[in-house]
Amino acid sequence: MKQVKVIDSQSLEFNVRGDTPGMAYVARALSPEVSPNLGVGFAKWEGAEVAWTVLYDEVVFVIEGCFELTANGKTHKVYPGQMLWIPEGTELIYGGHALFGYVVHPGNWKELHGIQ
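In UniProt numbering, the protein residues as written are 1 to 116.
Here it is as structure tokens:
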């Protein structure tokens, strides 16, 4: 039986997702074995700009700082207490200086798209 979990971002291993001139780090908080339906984690953006086309629906919740997302020629600035919904297929650039939480659906998107 699955149990309720409290996950502290400080206990997670963050992986590098972007580099100079800034850095970006991402830590998945729930593995696909725990929940194949939702991918949940934390990220720290320190000025990096990372281009990507999302292969899932995503929600970003800003905890500290200002997260920036540029899509369709518009830059969205998201602050603590705000969230951003990003639909599947969006071509974007993640940026800013922020600590934020994220949720993606489906959580097993890598498996579904054959990505290691």
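The beta carbon of each residue, even a glycine, is placed where N, CA and C say it ideally should be. Please read all numbers here as calculations on a predicted model, not as lab measurements.
Around residue 112, the same chain offers 106 as residues with beta carbons nearer than 7 Å, after the five sequence neighbours per side are excluded. A Cβ-Cβ distance of about 5 Å is found for the pair residue 100 and residue 60, placing them in contact under the 8 Å criterion.
C-alpha of residue 115 to C-alpha of residue 102: approximately 20 Å in a straight line. With contacts defined by Cβ atoms closer than 8 Å, residue 97 and residue 84 do not form a contacting pair.
Looking at 42, 94, 72, the one whose alpha-carbon comes closest to that of residue 10 is 42.
Following the DSSP letters along the chain, one finds residue 111 in no beta strand (DSSP E) but inside the alpha helix (DSSP H) bounded by residues 109-112. Annotation: residue 110 to residue 54 spans about 11 Å, alpha carbon to alpha carbon.
Taking 3 residues as the shortest admissible run, the segment 35-76 contains the following complete beta strand (DSSP E) segments, listed from N- to C-terminal end: 39-46, 50-53, 57-71. Going by beta carbons, residue 104 and residue 25 fall outside the 8 Å limit. Closest by C-alpha distance to residue 34, out of 3, 80, 79, is 3.
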